[in-house]
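Structure record follows, encoded as structure tokens.
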Amino acid sequence: MTWALVLGAGVVGALLRHGAVVRFGRGERFPVVILVVNATGSLLAGALAGLAFSLPAPWLAILATGFCGALTTFSTFSVDTVRLALAGRGWAALGNVLGSIALGLGCAALGAAIALAVV
Numbered sequence: 228m229t230w231a232l233v234l235g236a237g238v239v240g241a242l243l244r245h246g247a248v249v250r251f252g253r254g255e256r257f258p259v260v261i262l263v264v265n266a267t268g269s270l271l272a273g274a275l276a277g278l279a280f281s282l283p284a285p286w287l288a289i290l291a292t293g294f295c296g297a298l299t300t301f302s303t304f305s306v307d308t309v310r311l312a313l314a315g316r317g318w319a320a321l322g323n324v325l326g327s328i329a330l331g332l333g334c335a336a337l338g339a340a341i342a343l344a345v346v
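Spelled out as structure tokens, the structure:
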């Protein structure tokens with residue numbers, strides 16, 4: 228049963244990401260939507276990591292692996308970075324890499340800190 232809920236949560240996460248791209252655009256000059264979506268997913272995943280000892284394992288799988296895993300996208304981040312580099316926009320590509328790493332780690336740490344403070 229857990230696998231079906233992971234699948235369902237993954238569908239919701241992927242549809243939210245897709246909806247954000249459709250609503251706000253692909254980001255031809257800079258992939259800001261994917262950057263924000265990945266940062267949001269990292270914040271949520273960090274919060275779940277902070278709650279890891281308080282939540283049953285199936286719920287962690289459903290929310291972290293299913294929802295957050297489908298909401299965030301390493302492959303699109305990678306392709307967007309390569310696309311920027313191939314277009315001769317090396318500084319934008321580097322900014323995407325550094326910004327994604329900094330925001331991803333920072334948001335995950337913030338999410339964990341908030342969750343630990345609440346629990």
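Residue 270 in our numbering sits at position 43 of the sequence shown, and the numbers go up by one each step.
Each residue gets a CB set at the ideal place from its N, CA and C atoms; glycine is no exception.
*Between which two residues does the alpha helix (DSSP H) carrying residue 341 extend?*
317-345
*Using a threshold of 7 Å, state whether the C-beta atoms of residue 295 and residue 330 are closer than that.*
no
*Can you give the beta carbon distance from residue 237 to residue 297, rounded, assuming they're within the 8 Å contact cut?*
4 Å
_DSSP-derived helix/strand/coil call for residue 253_ = coil
*Put residue 267 into one of helix, strand or coil per three-state DSSP.*
helix
*asked:* Would residue 261 and residue 303 be called neighbours here (beta carbons separated by less than 7 Å)?
replied: yes
*By DSSP, does residue 280 sit in helix, in strand, or in coil?*
coil
_My output table needs one value for residue 241: the three-state DSSP class, helix, strand or coil._
helix
*For residue 303, which three-state DSSP category applies?*
helix
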